[in-house]
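Sequences listed follow chains W and P, in order.
Its first residue numbered 1, the first sequence is counted upward by one per residue in the working numbering.
Its first residue numbered 1001, the second sequence is counted upward by one per residue in the working numbering.
Input: a single structure, listed below in structure tokens.
Number of protein chains: 2
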Amino acid sequence: MARGSFRDQVLRVREDAIVSSVNRLLAEKGFEQMTVDEVAADVGIAKASLYKHFASKEALAAAAMVRVLERTMEVLGQQAARGVSAVERLREVTRWALRVQLAGEMPILPSQNSSLRAELLGHKPYLELLMQVSDRLGEWIVQAQGDGDLDRSLPPELVLYTLFARACDPVPGVLKSSGRHSDDQVVDWVLSTCFSGIATRPS
Amino acid sequence: MARGSFRDQVLRVREDAIVSSVNRLLAEKGFEQMTVDEVAADVGIAKASLYKHFASKEALAAAAMVRVLERTMEVLGQQAARGVSAVERLREVTRWALRVQLAGEMPILPSQNSSLRAELLGHKPYLELLMQVSDRLGEWIVQAQGDGDLDRSLPPELVLYTLFARACDPVPGVLKSSGRHSDDQVVDWVLSTCFSGIATRPS
DNA sequence: GTCTATAAAGCGATAGAC
DNA sequence: GTCTATCGCTTTATAGAC
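Next up, the structure:
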């Protein structure tokens, strides 16, 4: 791919810094609670300059959502290249998502009545990526059920939503905030409750 | 307890209607997205009248949170009176919470950076009730682990947070919104993923 | 493109008449 | 206690100078 002129590269770097700030602020406070003033202050430029790069607050958030989905697709590609079972791939992708969340870098899913939601539903790059991610995960879920590793009585739809929800669950953050457990310990526990539940496994 | 004068009873009924509106709006949009104008319009009185009953928006929300905790305590009392195992009591309480959530009547947990959080931390009735609920659930969790019904390797703290989080999980709502499943079916599925996980039970 | 300054709208909360 | 009207503040977005 062409990198464009030097000027374009500088622009890219600047916009990438903006998206990083938006991503972190979205993870921290969610879309409605995040203010454009905060984003501008965090990036270190004036608010009016922000609007030269992105047309609206919704466009800012959409860019962050697209980037996290792109990174998710990269992780899916890495897992696909490993010679492990489908359920193991699902577990490792979930582990990655939980780590991102604990690092404070997982932008919050748009709540159902958000103005962001309307914007995203009309944003093709986002929708296409979301569909790609869902399709790939859906394949692995069906495959893992066929392997006998995931519960066959659960609809794949339910499993998919459950995995998405765990990536935004407040539980890891609350557990981490107690300060008594390492990130890896928290991730292992939440992974365990997600895949194996809280009940005892029948022996 | 004294019921007070007729005038006081009318006041109680009025305030109960306010709290019901707040409860539903909190469940629908969360604290920050809920506006006092909406509450007033929903109750059918002027905004200034609202402020004669409750000192602030935070006080409105706190009243709703207290009421849901009171109802939770009632449910805990009912379950305690049944002659069933601790894990079964926990499952039924969770089932009740999921039904309330699907009915659109489970006020959303205060996010960590909310102005509501500060108010609630200084609100003794709320804190006391929350502690009562947590203590009772904590006892049952330890008991269920002792019975061999809940995974002993999980800290009770993790199990407690997990149950609280499931009461506010977006998954049931998303599943219900597809319109293809009954509420009972959705609740059964989510209960299954919560207690038994998504993985196959080893035979 | 970046800035300062400001417009336009929505919000929580209150004043004051009845 | 209820109402109408409004204050004071925050927020998104833009105008216009440089």
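Yeah, the Cβ is synthetic: ideal placement off N, Cα and C, and Gly gets one too.
All values derive from a computational prediction rather than experimental measurement.
Residue i versus residue j: straight-line alpha-carbon distance, rounded
i: P125 (chain W); j: A59 (chain W); result: 12 Å
i: D1169 (chain P); j: R67 (chain W); result: 25 Å
i: F1054 (chain P); j: F31 (chain W); result: 28 Å
i: S1085 (chain P); j: G1138 (chain P); result: 14 Å
i: L127 (chain W); j: L116 (chain W); result: 13 Å
i: E38 (chain W); j: G148 (chain W); result: 49 Å
i: V1100 (chain P); j: V1019 (chain P); result: 16 Å
i: L109 (chain W); j: S1177 (chain P); result: 16 Å
i: A1049 (chain P); j: L1129 (chain P); result: Going by the sequence as given, residue 1049 (chain P) is Ser instead of Ala. Rounded to whole angstroms, S1049 (chain P) to L1129 (chain P) spans 28 Å at the Cα level.
i: S182 (chain W); j: P156 (chain W); result: 32 Å
i: S5 (chain W); j: V43 (chain W); result: 23 Å
i: R1089 (chain P); j: E88 (chain W); result: 33 Å
i: Q1185 (chain P); j: V159 (chain W); result: 15 Å
Where the alpha helix (DSSP H) through residue i begins and ends
i: Q79 (chain W); result: 57-81
i: I141 (chain W); result: 124-146
i: N1023 (chain P); result: 1006-1033
i: H1053 (chain P); result: 1047-1053
i: R1095 (chain P); result: 1086-1102
i: C194 (chain W); result: 183-196
i: S1115 (chain P); result: 1115-1121
i: E1038 (chain P); result: 1036-1043
i: R1166 (chain P); result: 1156-1166
i: L1175 (chain P); result: 1171-1177
Closer than 8 Å to chain P by CB, residue i
i: V159 (chain W); result: yes
i: L154 (chain W); result: yes
i: N23 (chain W); result: no
i: L175 (chain W); result: yes
i: W189 (chain W); result: yes
i: G138 (chain W); result: no
Beta carbon proximity, residue i to chain W, threshold 8 Å
i: E1092 (chain P); result: no
i: V1068 (chain P); result: no
i: E1032 (chain P); result: yes
i: S1134 (chain P); result: no
Residue j beta carbon less than 8 Å from that of residue i
i: A1041 (chain P); j: G1104 (chain P); result: no
i: M1065 (chain P); j: L1120 (chain P); result: yes
i: L1076 (chain P); j: R1007 (chain P); result: no
i: V187 (chain W); j: L69 (chain W); result: no
i: R91 (chain W); j: L191 (chain W); result: yes
i: A167 (chain W); j: D1151 (chain P); result: no
i: K52 (chain W); j: V36 (chain W); result: no
i: T1193 (chain P); j: L154 (chain W); result: yes
i: Q1132 (chain P); j: M1073 (chain P); result: yes
i: Q9 (chain W); j: N1113 (chain P); result: no
Partner residues on chain P for residue i, Cβ-Cβ distance less than 9 Å
i: T35 (chain W); result: Per Cβ cutoff of 9 Å: no residues; T35 (chain W) is ~12 Å from chain P at best.
i: W96 (chain W); result: The contacting residues do not exist; W96 (chain W) stays about 17 Å from chain P at best.
Residues that residue i contacts on chain W, provided the C-beta gap is smaller than 8 Å
i: R1201 (chain P); result: D151, R201, P202
i: A1165 (chain P); result: D169, P170, V171
Under 8 Å from the C-beta of residue i: neighbouring residues of chain P
i: V87 (chain W); result: A1199
i: K29 (chain W); result: S1111, N1113
i: G148 (chain W); result: T1200
Beta-carbon neighbours of residue i, restricted to chain W and to distances below 9 Å
i: G1077 (chain P); result: By Cβ distance, chain W contributes nothing, its closest Cβ being about 23 Å from G1077 (chain P), past 9 Å.
i: K1047 (chain P); result: Under the 9 Å cutoff, chain W gives no residues; its nearest Cβ is about 21 Å from K1047 (chain P).
i: S1196 (chain P); result: D151, S196, G197, I198, A199, R201
i: T1193 (chain P); result: D151, L154, L158, V159, T162, C194, G197
Cβ-heavy atom distance, residue i to the ligand FMN, below 7 Å
i: L1076 (chain P); result: This structure lacks the ligand FMN, and indeed carries no ligand of any kind.
Within chain W, partners of residue i - CB distance below 7 Å
i: S1182 (chain P); result: Neighbours of S1182 (chain P) on chain W: none; closest Cβ ~13 Å, over 7 Å.
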